[in-house]
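Read the structure below first, then the notes.
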Amino acid sequence: MKQAIIVMGVSGCGKSTVGAELAEKLGMPFQEGDRLHPKANVEKMSAGTPLTDEDRWPWLDLVGAELRQGYEAGGVVISCSALKKSYRDRLRTACGGPLAFVFLEGSVELLTRRMGARKGHFMPLSLLKTQLDTLEVPTGEPSVVTVDIDATPDEIVENALKGLKAL
Numbered sequence: 001m002k003q004a005i006i007v008m009g010v011s012g013c014g015k016s017t018v019g020a021e022l023a024e025k026l027g028m029p030f031q032e033g034d035r036l037h038p039k040a041n042v043e044k045m046s047a048g049t050p051l052t053d054e055d056r057w058p059w060l061d062l063v064g065a066e067l068r069q070g071y072e073a074g075g076v077v078i079s080c081s082a083l084k085k086s087y088r089d090r091l092r093t094a095c096g097g098p099l100a101f102v103f104l105e106g107s108v109e110l111l112t113r114r115m116g117a118r119k120g121h122f123m124p125l126s127l128l129k130t131q132l133d134t135l136e137v138p139t140g141e142p143s144v145v146t147v148d149i150d151a152t153p154d155e156i157v158e159n160a161l162k163g164l165k166a167l
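The letter at position 92 of the sequence shown is residue 92 when you use our numbering, and the numbering goes up by one with no holes.
See the structure below:
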């Protein structure tokens with residue numbers, strides 16, 4: 001069965017780690033959504049400037065193209081913040097088939113600790129607040145699994161798999 005999954009949430013929630021492990025367990029390729037950001041977006045975020053919707057649309061279109069290609073090839077897991085419902089709806093349309101979201105949710109304290117411990121990532125801790133302010137929690141949206149990140153990566157992945165299976 002073809003499957004497309006977006007692992008979503010604010011910076012520092014573990015999208016890349018969980019997405020890569022989830023893809024491995026499902027036998028699907030993993031795409032790191034941050035790698036699809038245009039250079040201008042990365043420079044803007046690196047400087048501590050939040051992205052606007054206008055900055056995000058071209059990036060989301062690239063993520064959407066990867067989603068469609070991966071879905072048509074049989075399956076894909078992509079990490080993408082997908083902070084607003086309008087972004088998720090754009091990705092749903094782009095996918096061309098059923099799309100599930102795994103929303104990684106955690107406390108501000110936990111996210112702050114994780115971001116503070118990261119090395120070599122372009123997203124500064126100073127942008128966490130703007131991401132949290134932008135986040136529209138996907139409660140009530142179709143095909144969304146919410147997973148608490150206050151656990152080990154293996155436990156988070158197992159909880160995501162259980163939730164996906166229940167969809």
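Virtual Cβ for every residue (Gly too), placed ideally from N, Cα, C.
Pairwise C-alpha distance: residue 19 and residue 155: Here residue 155 corresponds to residue number 155 of the sequence shown, with the count starting at 1. Here residue 19 corresponds to residue number 19 of the sequence shown, with the count starting at 1. Taking the straight line from one Cα to the other gives about 13 Å.
Where residue 148 sits in the DSSP three-state scheme: By one-based count along the sequence shown, residue 148 stands at place 148. Residue state, collapsed to three classes: strand.
Is the region 133–152 in contact with the region 92–100, if contact means three or more CB pairs nearer than 8 Å? yes
DSSP puts residue 4 in a beta bridge; with which residues? By one-based count along the sequence shown, residue 4 stands at place 4. 76, 99.
From 2, 47, 13, residue whose alpha carbon lies closest to that of residue 26: In the sequence shown, the residue the question calls residue 26 occupies position 26. Among 2, 47, 13, the Cα nearest to that of residue 26 is on 2.
How should residue 150 be labelled, buried or exposed, when 16 other C-beta atoms within 10 angstroms of its C-beta is the threshold for buried? Locating residue 150 in the sequence shown gives position 150, counting from the first residue. Classification of residue 150: exposed, given that the 10 Å Cβ count is below 16.
Between residue 131 and residue 83, is the Cβ-Cβ spacing less than 9 Å? Locating residue 131 in the sequence shown gives position 131, counting from the first residue. Locating residue 83 in the sequence shown gives position 83, counting from the first residue. Contact: yes.
Determine contact between the region 94–104 and the region 26–35, defined as no fewer than three beta-carbon pairs at a distance below 8 Å. no
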